[in-house]
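Residue numbers (the numbering used here): 6 to 647.
Below is one structure, written out as structure tokens; comments come after it.
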């Protein structure tokens, strides 16, 4: 009878008032008041929140002991729920689909049972919970805005694209020109156009250079990229400019083969496409009238997680002994592709410190990324930890614009208030309208699916995903792979423990050999390591990779261009020992390099010691006979020159 009586009064109350749920809370509890304010923002007026006063409890037939124990939700139907269930049912009325989705997950039987137990622990320790809450989320309960975060991020994205295109512009003729190492015209030749339908060509090779791949077109494309980057920096039509930048950089990455296959190249494409979908509309949008939506912010944070966690988990999954034995950093400073002076000095740190730094790298990449999804304060700690990691990498190695773009991406771990503490010159932003939804979320949804799929596929073996799940995920990744805009990241999963270096030499008589000088890679033992980043010297980088395996095809093409004396390729080098005419023969010799000790460095002035391994490529000469203009010349092998 008591239950029926209560139901009747509740039903009467629901009929006499606006048909929306009523959530009652303890107004004397500061912890409760802060969370009710947050829930009210999420439900946007679709749920009423009132203090659980005695008269109201009498009217609704709710015992006071229940009110003291837990929050109460009264629905128009007469249903009364308590604690975590009441919260989830209230948030299920939110107009925000992410909030509704999370609330529905919370109502699942196993999840709800655990949530009720956690709720009970918090309710019995409210003072402690209040202190923890203030540390995690801060004192304010005002909704967080991200318009200034977006504004700063987009300006920095413009700067990153400007660096990328400026760095590439001077290398394009030697790498991809008609007399370069990897001519683009070979990929977009007339024969290839006729071999496949236009739709299939564009799907497999999405590049504007199907319309023309002359040397001027390749160089002018970089100039256009620089101008579009400046447009983004100065906030001129940022959405359109970023979309064009993404398409233009994809055009180079699609035809760049080895020289545009670095992880920071595909990361730039992924960041660029997300930026284009997130940027405000208009020619001069300023901060934009709309705040970035929850999905947009989440996708950028998911990318931060995938970038760092992918690198961390790949180190564990590789089974590499140097990571498991905490000796990776001892090798890293000496074997980094393009080391710096900072790396040279770090190589001589005590072994205990080397092991500690290796353990810290593993923790920063495998554990700290989970703070990306944590509340405000832990997320800011993750931002500081990742920034410190990138600063340490900058000091000890040259990784193009990777460190810059990683720092830029980390800005999304902040909100406007936290960003203004870092950049106090930023003014307060005016109130924003509602966050973007509907069609913009629809465009962003594939990123969510593919990003989640990337994480799932990393645990494919251990999780033993069902075939019905694995097959569509694999198919989806295969379909979007040519766009290079949702990628798998995992730097240095296996650490190299030796440093072989290739020395390229030329000769006119096969007896006296002269070495070519590279601009940035390790060569002369007396030459100190250089700070190169954010410039990306792509030939020098690939020389490091080539030394770890048998000669790749591009390396043979490189030697052929040296025999030809192609000025575009020679322009990529620091020293040409044959300025008057190209040599008759070239060869490549492999050496083992080691950093000198501190005492040896003071005594001899040398930064490196080296020992010859032997020939990497035996002597080559141009084969006699005519060849088409611009094509890679034919070569003939000569007897070994030692």
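Think of the CB as a built atom: it goes at the ideal place given N, C-alpha and C, for glycine as much as any other residue.
All values reported here derive from a predicted model rather than from experimental measurement.
Item to check | Where residue 640 sits in the DSSP three-state scheme | outcome: strand
Next on the checklist: So, at 6 Å on beta carbons, what are the nonlocal neighbours of residue 2 in its own chain, with the 5 sequence-adjacent residues on each side left out?
Outcome noted: This structure does not reach residue 2, given that the chain is present from 6 up to 647, and the question cannot be answered.
Item to check | Backbone CA spacing between residue 595 and residue 556 [nearest angstrom] | outcome: 11 Å
Item to check | Member of 45, 491, 122 whose CA lies at the smallest distance from the CA of residue 269 | outcome: 491
Checklist entry - Three-state secondary structure (DSSP) at residue 186? => result In the structure shown, the three-state DSSP call for residue 186 is coil.
Next on the checklist: Tell me the DSSP secondary structure of residue 655 in three-state form.
Outcome noted: Not covered by the structure: residue 655. The range shown for the chain is 6 to 647.
Checklist entry - Grouping DSSP H, G and I as helix and E and B as strand, with all else coil, what is residue 275? => result helix
Item to check | Start-end ranges of the alpha helix (DSSP H) lying completely within the stretch 455 to 542, minimum 4 residues | outcome: Positions of the alpha helix (DSSP H) runs, each at least 4 residues long and wholly inside the stretch 455 to 542, are given as 465 to 468, 472 to 485 in order along the chain.
Item to check | Whole-angstrom C-beta distance between residue 104 and residue 30, which should lie under 8 Å | outcome: Actually they do not touch by this definition, with Cβ atoms about 18 Å apart.
Item to check | Same chain, Cβ closer than 8 Å to residue 467, neighbours up to 5 away in sequence not counted | outcome: Only weak support is given to the placement of residue 467: the predicted model assigns it a pLDDT of 47, under 50, and the value that follows is read from those uncertain coordinates. Excluding sequence neighbours, residue 467 sits near nothing in its chain.
Checklist entry - Looking at the unbroken beta strand (DSSP E) that takes in residue 353, where does it start and where does it end? => result Segment: none, residue 353 is in no beta strand (DSSP E) and carries neither H nor E.
Checklist entry - Would you call the stretch 241 to 250 and the stretch 275 to 288 in contact, with 3 or more CB pairs under 8 Å? => result yes
Next on the checklist: Under 8 Å: do the stretch 161 to 175 and the stretch 225 to 243 share three or more Cβ pairs, one atom per stretch?
Outcome noted: A contact exists between the stretch 161 to 175 and the stretch 225 to 243.
Item to check | Within 8 Å, strictly: CB atoms of residue 296 and residue 150 | outcome: yes
Next on the checklist: Can you determine whether any heavy atom of the ligand GDP sits closer than 7 Å to the C-beta of residue 451, and answer yes or no?
Outcome noted: No copy of the ligand GDP occurs in the structure displayed, which carries no ligand at all.
Checklist entry - Within 10 angstroms of its Cβ, does residue 630 collect 16 or more other Cβ (buried), or is it exposed? => result Answer is exposed; the Cβ neighbour count stays below 16.
Next on the checklist: Can you find the residues in the same chain that come closer than 6 Å, C-beta to C-beta, to residue 195, ignoring five residues on each side of it along the sequence?
Outcome noted: none
Checklist entry - Around the Cβ of residue 119, are there at least 16 other Cβ atoms within 10 angstroms (buried) or fewer (exposed)? => result The residue in question, residue 119, is exposed, as its Cβ has fewer than 16 Cβ neighbours within 10 Å.
Checklist entry - Ordered along the chain, which non-local residues of its own chain (more than five positions away) have a Cβ less than 8 Å from that of residue 427? => result 419
Checklist entry - Taking just the CA atoms, how far does residue 390 sit from residue 423? => result Cα-Cα distance, rounded: 15 Å.
Item to check | Among 637, 320, 72, 502, the one whose alpha carbon lies nearest that of residue 191 | outcome: 637
Next on the checklist: Assess contact between the stretch 496 to 508 and the stretch 545 to 553, defined as three or more Cβ pairs (one per stretch) separated by less than 8 Å. Is contact present?
Outcome noted: yes
Item to check | Enclosing beta strand (DSSP E) for residue 590 [first to last residue] | outcome: That run of the beta strand (DSSP E) goes 590 to 600.
Next on the checklist: Considering only the alpha carbon of each residue, which of 571, 544, 569, 572 lies closest to residue 559?
Outcome noted: 544
Checklist entry - Given residue 485, which residues of its chain have a CB within under 7 Å of its CB, disregarding the five upstream and five downstream residues? => result 455, 491
Next on the checklist: Quick check on DSSP: helix, strand or coil for residue 231?
Outcome noted: In the structure shown, residue 231 sits in a helix (DSSP, three-state: H, G or I).
Checklist entry - Looking at C-alpha atoms only, which residue of 291, 612, 74 is the closest neighbour of residue 347? => result 612
Item to check | Backbone secondary structure at residue 226 - three-state DSSP | outcome: Three-state result, residue 226: helix.
Checklist entry - What residues match up with residue 614 in a beta bridge as DSSP calls it? => result 599
Next on the checklist: Threshold first: 3 residues or longer. Then list the beta strand (DSSP E) segments lying entirely within the stretch 333 to 419, N to C.
Outcome noted: Along the length of the stretch 333 to 419, whole beta strand (DSSP E) runs at least 3 residues long do not occur.
Item to check | Residues that DSSP places opposite residue 626 in a beta bridge | outcome: 641
Checklist entry - In three-state terms, what does DSSP make of residue 619? => result In this structure, residue 619 counts as strand in the three-state DSSP scheme.
Checklist entry - Among residues of its own chain, excluding the 5 on either side of residue 134, which ones have a beta-carbon nearer than 7 Å to its beta-carbon? => result 36, 127
Checklist entry - Taking C-alpha atoms, which residue in 433, 41, 33, 28 lies nearest to residue 62? => result 28
Checklist entry - Is the Cβ-Cβ distance between residue 496 and residue 323 less than 8 Å? => result no
Checklist entry - What separation, rounded to the nearest whole angstrom, lies between the Cα atoms of residue 622 and residue 593? => result 5 Å
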